[in-house]
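**Q** Sharing a structure with you now.
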Amino acid sequence: MAGPDMPPHAVFFPFPAQGHVKPALQLAKLLHHCHGFQATFVHTEHNCRRLLRLRGADALAGIPGFRFAAVPDSLHLPDVDASQDMSALLLSLETLAPHFRNLVSDLPPVSCVVPDIEHILIASKEMGLPCVTLWTTSACAFMALQQCQHLVNRGIVPLKGFPKLHPHEDAILSLVLRSMVCHKTTPSAVIFHTFDELEHLTITAMSNILPPIYAIGPLPLLLDQLSNSNADTLESNHTHENRACLEWLKGKRPNSVVYVSFGSITTPTNKQLVELAWGLANSRQDFLWVIRNDQEVLQHKAIGAFLTHCGWNSMLESISTGVPMLCWSFVADQHTNSRYACSEWRVGMEIGSNRKEVESAIREVMEGDKGKEMRRMAMERKEKATVAALPGGPSWVNLEKVIRGVLTVPLVEKHAEIV
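If you read the sequence shown in this note's numbering, its first letter stands for residue 123, the second for the next number, and so on.
Structure (structure tokens):
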């Protein structure tokens, strides 16, 4: 444990996928730059190899007070740049805890741990370290997953006539159900990457069943409040980037381009890709179809709609920039996110799986009355997200609360004893 005269030292260990690493690094930057935390950001060795291959030797150099570290993960995939094998990735998590313990023993005294991996959460608690979980999907998706075991216990599922699904046969579902229990009982608090105005009802409902919860987001907007930070040099993107697309956008009219991106892992089938491509072509709208920095592209005035897989980082970035969404969800929390975007927040429209449905939805969002209403609602949500992330706004206030109430409590108590 760090002493009273030492800055607090936070160790971050996110689930080793881009959608988890990205917001964890953003939160680490905030704590380091704004609140004087020393930070250690832990990658698995597989992710380290990817980052070094893509960004060179300086990718993990860190800055004063902010270091990167790696632990063995037993992943030896032949193509370091390929989308990760989720089954192999989940199995590798079982091996992380002993290596994490060894790492912590070699680090300067640790004040707190911010993980979203069950095994690291349990290991940290066993070592007596305060833990705050960063939940990197939407609060509504967390609440939906939270009900899975309740539905089983009450006999509502499996549904009659539907194929049975046994958690022990499905590694992903098994991990999720275990994690739900772990997130309810183990951490001192839970941070949700969202903002209260967007998911107020869900956050209020969850406050009765979880440890103290804090809505802190959108994290990119909070980071925008920082100026001249050397933390800007810290990156975690696992994919190649080509900025030529931003030059291409400069020649386009405002709100005239459909941006298409399916994130870092989601892979449509060949048939889906063909239908999507023809639907885009037949809509006669300009489109940009790449895997790039969502935030930077979405901020461009030429973007009129975002065709997305409904991963939470992408959706929150779209909401933050006031861009309506064409929702094509694939797996996991994406279906819940899509439902809320379309039915509750009214900033999205579900897209069909054949070319005619794709064309129709794109035309409606870009040219129709429904699209105009979605754009109006998207701008309203953008304004609320902006206010939440301003200094003194709800997300900044929640960040201060979690720092004072959880992350630095042992330091405060120890200092009080000395005084």
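In this text, a Cβ means the ideal position worked out from N, Cα and C, and glycines have one as well.
Compare the beta carbon distance of Ile-338 and Ser-517 with 8 Å and say whether it is the shorter of the two.
**A** Taking the sequence shown and counting its residues from 1, the one referred to as residue 338 is at position 216. Taking the sequence shown and counting its residues from 1, the one referred to as residue 517 is at position 395. Cβ distance < 8 Å, so Ile-338 and Ser-517 count as in contact.
**Q** When you compare only the Cα positions, how much space is there between Ser-227 and Ser-233?
**A** Taking the first residue of the sequence shown as position 1, residue 227 is located at position 105. Taking the first residue of the sequence shown as position 1, residue 233 is located at position 111. Distance between the alpha carbons of Ser-227 and Ser-233 is about 13 Å.
**Q** Where does Glu-522 sit, in a helix, a strand or coil, going by DSSP?
**A** Residue 522 sits at position 400 when you count from the first residue of the sequence shown. The answer is helix: DSSP assigns Glu-522 an H, G or I state.
**Q** If distances are taken between C-alpha atoms only, which option among Leu-212, Ile-325 and Leu-251 comes closest to Ala-261?
**A** Locating residue 261 in the sequence shown gives position 139, where the first residue counts as 1. If we check each option's Cα against that of Ala-261, Ile-325 comes out closest.
**Q** Closest to Val-235 by CA distance: which of His-142, Ala-266 and Ala-150 is it?
**A** Here residue 235 refers to the residue found at position 113 when the sequence shown is read from its first residue. The shortest Cα separation from Val-235 among His-142, Ala-266 and Ala-150 belongs to Ala-150.
**Q** To the nearest angstrom, report how far apart Pro-280 and Leu-211 are at their CA atoms.
**A** In the sequence shown, the residue the question calls residue 280 occupies position 158. In the sequence shown, the residue the question calls residue 211 occupies position 89. Answer to the nearest angstrom: the Cα atoms are 27 Å apart.
**Q** Can you tell me which of the three DSSP states His-290 falls into?
**A** As a position in the sequence shown, residue 290 is number 168, starting the count at 1. In this prediction, His-290 has a pLDDT of 48, which is less than 50 and means its spatial position is unreliable; what the coordinates show is noted afterwards. Looking at His-290 - three-state DSSP - the assignment turns out to be helix.
**Q** Tell me Arg-497's beta-bridge partners as DSSP assigns them.
**A** What you label residue 497 is simply residue 375 of the sequence shown in a count that begins at 1. Beta-bridge pairing links Arg-497 to no other residue.
**Q** Nearest-angstrom Cα distance between Ser-383 and His-431?
**A** Residue 383 sits at position 261 when you count from the first residue of the sequence shown. Residue 431 sits at position 309 when you count from the first residue of the sequence shown. Their backbone Cα atoms lie some 7 Å apart in a straight line.
**Q** Do Val-528 and Val-254 have their C-beta atoms within less than 8 Å of each other?
**A** Locating residue 528 in the sequence shown gives position 406, counting from the first residue. Locating residue 254 in the sequence shown gives position 132, counting from the first residue. Going by C-beta atoms, Val-528 is nearer than 8 Å to Val-254.
**Q** Have a look at the DSSP bridge pairing and note the partners of Thr-166.
**A** As a working note, residue 166 is residue 44 in the sequence shown. For Thr-166, which the question treats as bridged, DSSP gives the partners Val-193.
**Q** Among the residues of its own chain, which have a CB less than 6 Å from the CB of Lys-506, if the five just before and after it don't count?
**A** Position 384 of the sequence shown, counting from 1, holds the residue named residue 506. Cβ within range, chain order: Glu-319.
**Q** What runs of the beta strand (DSSP E), each 3 residues or longer, lie entirely inside the segment 374–400?
**A** Runs of the beta strand (DSSP E) inside the segment 374–400: 379–383.
**Q** In whole angstroms, what separates the C-alpha of Leu-147 from that of Leu-182?
**A** Here the question's residue 147 lines up with position 25 in the sequence shown. Here the question's residue 182 lines up with position 60 in the sequence shown. Roughly 12 Å between the two C-alpha positions.
**Q** With DSSP as the reference, label His-315 as helix, strand or coil.
**A** The count along the sequence shown starts at 1 and reaches residue 315 at position 193. If DSSP states are grouped into helix, strand and coil, His-315 belongs with coil.
**Q** Alpha helix (DSSP H) containing Asp-228: first to last residue?
**A** Indexing the sequence shown from 1 puts residue 228 at position 106. Unbroken alpha helix (DSSP H) run through Asp-228: 218–228.
**Q** Below 8 Å between beta carbons: does that hold for Met-265 and Ala-192?
**A** Translated into the one-based positions of the sequence shown, residue 265 becomes position 143. Translated into the one-based positions of the sequence shown, residue 192 becomes position 70. The answer is no: Cβ separation not under 8 Å.
**Q** Rounding to the nearest angstrom, what Cα-Cα distance links Pro-342 and His-155 in this structure?
**A** As a working mapping, residue 342 is identified with position 220 in the sequence shown. As a working mapping, residue 155 is identified with position 33 in the sequence shown. Whole-angstrom Cα-Cα distance: 14 Å.
**Q** What's the call for Ala-454, buried or exposed, on a 16-neighbour Cβ count within 10 Å?
**A** Within the sequence shown, the letter at position 332 stands for residue 454. Under this definition Ala-454 is a buried residue.
**Q** From the DSSP output, in three-state form, read off Pro-130 for me.
**A** As a working mapping, residue 130 is identified with position 8 in the sequence shown. Looking at Pro-130 - three-state DSSP - the assignment turns out to be coil, as it is neither helix nor strand.
**Q** If you run the structure through DSSP and keep just helix, strand and coil, what is Gly-527?
**A** Position 405 of the sequence shown, counted from the first residue, corresponds to residue 527. The answer is helix: DSSP assigns Gly-527 an H, G or I state.
**Q** Could you compute how far the alpha carbon of Arg-172 sits from the alpha carbon of Arg-406?
**A** Position 50 of the sequence shown, counting from 1, holds the residue named residue 172. Position 284 of the sequence shown, counting from 1, holds the residue named residue 406. Arg-172 and Arg-406: Cα-Cα distance of roughly 38 Å.
**Q** So, Pro-237 versus Ser-310, is the Cβ gap smaller than 8 Å?
**A** As a first step, residue 237 must be located in the sequence shown, where it is residue number 115. As a first step, residue 310 must be located in the sequence shown, where it is residue number 188. No, these two residues do not count as a Cβ contact at 8 Å.
**Q** Would you call His-272 buried or exposed, if buried means 16 or more other Cβ atoms sit within 10 Å of its Cβ?
**A** Working through the sequence shown from its first residue, we reach residue 272 at position 150. By the 10 Å Cβ count, His-272 comes out exposed.
**Q** What first and last residue would you give for the alpha helix (DSSP H) that runs through Cys-234?
**A** Residue mapping note: residue 234 aligns to position 112 of the sequence shown, counting from 1. Run containing Cys-234: none in the alpha helix (DSSP H); it sits in the beta strand (DSSP E), 234–237.
**Q** Judging by CA-CA distance, which residue of Glu-489, Lys-478 and His-315 is the nearest neighbour of Pro-376?
**A** By one-based count along the sequence shown, residue 376 stands at place 254. Out of Glu-489, Lys-478 and His-315, Glu-489 has the C-alpha closest to the C-alpha of Pro-376.
**Q** Three-state secondary structure (DSSP) at Cys-432?
**A** Translated into the one-based positions of the sequence shown, residue 432 becomes position 310. Cys-432 falls in the coil class under three-state DSSP.
**Q** With DSSP as the reference, please indicate the residues paired to Cys-449 in a beta bridge.
**A** In the sequence shown, residue 449 corresponds to position 327, counting from 1. Bridge partners of Cys-449: Thr-430 and Glu-472.
**Q** Can you give me the start and stop residues for the beta strand (DSSP E) that Ile-278 sits inside?
**A** Sequence index remark: in the sequence shown, residue 278 carries index 156 (1-based). First-last for Ile-278: undefined, no H or E at that position.
**Q** Using 10 angstroms around the beta-carbon of Pro-285, count the other beta-carbons present and answer buried if the total reaches 16, otherwise exposed.
**A** Numbered from 1 along the sequence shown, position 163 holds the residue referred to as residue 285. By the neighbour-count rule (16 or more Cβ atoms within 10 Å), Pro-285 is not buried but exposed.
**Q** On the CB-based measure, 16 or more other CB atoms within 10 Å of its CB, does His-360 come out buried or exposed?
**A** Mapped onto the sequence shown, residue 360 falls at position 238. Note that His-360 scores a pLDDT of 49, beneath 50, so its modelled location is shaky and nothing firm can be said.
**Q** What do you get for Asn-224, buried or exposed, if any count of 16 or more other CB atoms within 10 angstroms of its CB means buried?
**A** Your numbering for residue 224 matches position 102 in the sequence shown. Its Cβ having fewer than 16 others within 10 Å, Asn-224 is exposed.
**Q** I'd like the span of the beta strand (DSSP E) that includes Trp-257, first residue to last.
**A** Residue numbering aside, residue 257 sits at position 135 when the sequence shown is read from its first letter. That run of the beta strand (DSSP E) goes 254–257.
**Q** Please name the residue in Ser-475, Gly-474, Glu-466 and Met-501 whose C-alpha comes closest to that of Glu-439.
**A** In the sequence shown, residue 439 corresponds to position 317, counting from 1. Measuring from the Cα of Glu-439, the nearest candidate turns out to be Met-501.
**Q** Here's the rule I'm using: 16 or more other beta-carbon atoms within 10 Å means buried, otherwise exposed. How should Ser-465 be labelled?
**A** Reading the sequence shown from its first residue, position 343 is the one you call residue 465. With fewer than 16 Cβ atoms within 10 Å of its Cβ, Ser-465 is classed as exposed.
**Q** Our contact map puts Lys-504 next to Ile-441 with C-beta atoms below 8 Å; I'd like the distance itself, whole angstroms only.
**A** Here residue 504 refers to the residue found at position 382 when the sequence shown is read from its first residue. Here residue 441 refers to the residue found at position 319 when the sequence shown is read from its first residue. Confirmed, Cβ separation roughly 7 Å.
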